[in-house]
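For reference, the structure is listed below as structure tokens.
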Amino acid sequence: MTNKKWRPATGRRQNCLTSNSSIAQRIQNVKLSMPPIIFYMDELDRFEPRHDHGWVNCGICPFHQDRNVGSFTVHMDSGAFHCFSCGAAGGDILAFYRLKYGCGFMDALADLEKGVGIWTH
Ligand SMILES: [Zn+2]
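Mind the numbering: the sequence shown is residues 66 to 186 in my numbering, read in order.
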């Protein structure tokens, strides 16, 4: 987990709420800076998308003991995800991050913002 391209090293979480950006702006910034294909490349095993638009098959589902490649799909434009086997689903990369790491929305946003900072440097 520590060798991920964009994941920040552990450290004290800064309080991003004092920034004058609105939450909506911050979400938009994260999504613009980290396209779903970049995000899922790091998060999923055997991620080999055939194309970068629409729904693509993404190999093994991270949310259940998946042995059949083919149940987990990701939408390359929105970042939405869906597993046909266990029913895990969400509308964007933030939803995926929250589900996978069990954190709240603001924590997910802050983590992804830090990731974007590292990724874009
Ligand atoms: Zn699943």
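For glycine and all other residues, C-beta sits at the position ideal for the given N, C-alpha and C.
Quantities reported herein were computed from a predicted structural model and do not represent experimental measurements.
DSSP, read as helix, strand or coil, puts asparagine 133 in coil. With a cutoff of 8 Å on beta-carbon distance, glycine 124 and phenylalanine 104 are scored as not near each other. Between ligand 1 and the CB of cysteine 123, the shortest heavy atom gap is not smaller than 7 Å. Here arginine 163 has Ala173 as same chain residues with Cβ atoms under 6 Å from its own Cβ, once five neighbours each way along the sequence are excluded.
For the pair leucine 177 and glycine 156, the Cα-to-Cα distance works out to about 16 Å. The three-state secondary structure of alanine 154, taken from DSSP, is strand. In the DSSP secondary-structure assignment, cysteine 126 is not bridged to any residue. Short note on histidine 140: C-beta not closer than 7 Å to any heavy atom of ligand 1.
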